[in-house]
Amino acid sequence: SAVISQKPSRDICQRGTSLTIQCQVDSQVTMMFWYRQQPGQSLTLIATANQGSEATYESGFVIDKFPISRPNLTFSTLTVSNMSPEDSSIYLCSALGPGEDQPQHFGDGTRLSIL
Amino acid sequence: QKEVEQNSGPLSVPEGAIASLNCTYSDRGSQSFFWYRQYSGKSPELIMFIYSNGDKEDGRFTAQLNKASQYVSLLIRDSQPSDSATYLCAVKPGPNAGNNRKLIWGLGTSLAVNP
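Chains as they are written, first to last, in my numbering: chain W, 1347 to 1461; chain C, 63 to 177.
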């Protein structure tokens, strides 16, 4: 299975600032996803990162707040913009493939706290 | 609205017993089914996946799928304290779903194995 590296692993940020999270996969993958997981909750999909085109966002998430890039088949970034305390969460990158019937695997996550 | 339901628990079993975790899903056309384990403060880790009706065994873990009844279960034999975690069920919707590339996640079942 693919090895997924995510950084930073954690950060503490000031209100109103932005943070970019990077996700690197050690092999080419079909799909990459960004999730948010708040304490004691299950996973919430933010968006699907599409290679070479705009990300596909889930209901309740918008590009202005969570811009995503995926310049190639092994790398993606998620930016959390204009952060507020409500954005404090764990952000997870996952990858699927090659082949769409393969399981998703996850990076170690980014634990984000907003002061 | 495609749904995946799990009993939140906590499910408590003694060491050495069989832990049985259940998951039901609403989309009858669902094709692939995944079990993830998540330790507190860690990212989800794939345990098992199953595509066909019946049982699939891997070491102490057995996944059971019954598409007619729309449920999938995970059995953990000879449970160990190290199995204590939250177990997430995820389902890939069928081809008629709006976006069947993303997984539909349950809220997870907390398992505690007592020494």
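Heads up, the beta-carbon is just placed ideally off N, CA and C, and yes, glycines get one too.
Rounded straight-line distance, which links the Cα of residue j to that of residue i
i: N1396(W); j: T1402(W); result: 7 Å
i: N1418(W); j: D1357(W); result: 26 Å
i: P1431(W); j: Q1384(W); result: 12 Å
i: S92(C); j: I112(C); result: 11 Å
i: L127(C); j: S114(C); result: 7 Å
i: N69(C); j: D1454(W); result: 26 Å
i: W1380(W); j: S1351(W); result: 13 Å
i: G1406(W); j: T1390(W); result: 10 Å
i: E1400(W); j: S1347(W); result: 26 Å
8 Å contact criterion, which residue i and residue j should meet: CB distance rounded
i: G168(C); j: S1388(W); result: 7 Å
i: R163(C); j: T1394(W); result: 7 Å
i: L1335(W); j: V1375(W); result: The shown model of chain W, from 1347 to 1461, leaves out residue 1335(W), and the question about it has no answer.
i: I1392(W); j: E1404(W); result: 6 Å
i: D1372(W); j: V1349(W); result: 4 Å
i: D89(C); j: G170(C); result: Actually they are not in contact, since the Cβ atoms of D89(C) and G170(C) sit about 19 Å apart, beyond 8 Å.
i: R1361(W); j: L1461(W); result: 7 Å
i: S1422(W); j: M1378(W); result: 5 Å
i: W97(C); j: A125(C); result: 6 Å
i: Q132(C); j: Y87(C); result: 5 Å
Reduced DSSP category for residue i - H, G, I as helix; E, B as strand; rest coil
i: D1433(W); result: helix
i: D89(C); result: coil
i: P155(C); result: coil
i: P1354(W); result: coil
i: P177(C); result: coil
i: P143(C); result: helix
i: T1363(W); result: coil
i: Y98(C); result: strand
i: G1443(W); result: coil
i: K118(C); result: strand
i: Y1381(W); result: strand
i: I1460(W); result: strand
i: P72(C); result: coil
i: S131(C); result: coil
i: T148(C); result: strand
Residue span of the beta strand (DSSP E) that contains residue i, given as start and end
i: T1425(W); result: 1421-1426
i: F123(C); result: 123-128
i: T1394(W); result: 1390-1395
i: E77(C); result: Careful: E77(C) lies outside any beta strand (DSSP E) and carries neither H nor E.
i: E107(C); result: 107-112
i: P1417(W); result: 1414-1418
Whether residue i touches residue j by CB criterion (7 Å)
i: S141(C); j: A174(C); result: no
i: F95(C); j: V66(C); result: no
i: F1412(W); j: S105(C); result: no
i: S1364(W); j: S1427(W); result: yes
i: V153(C); j: I166(C); result: yes
i: P1449(W); j: L108(C); result: yes
i: S172(C); j: G71(C); result: yes
i: L83(C); j: L150(C); result: no
i: C1369(W); j: C1439(W); result: yes
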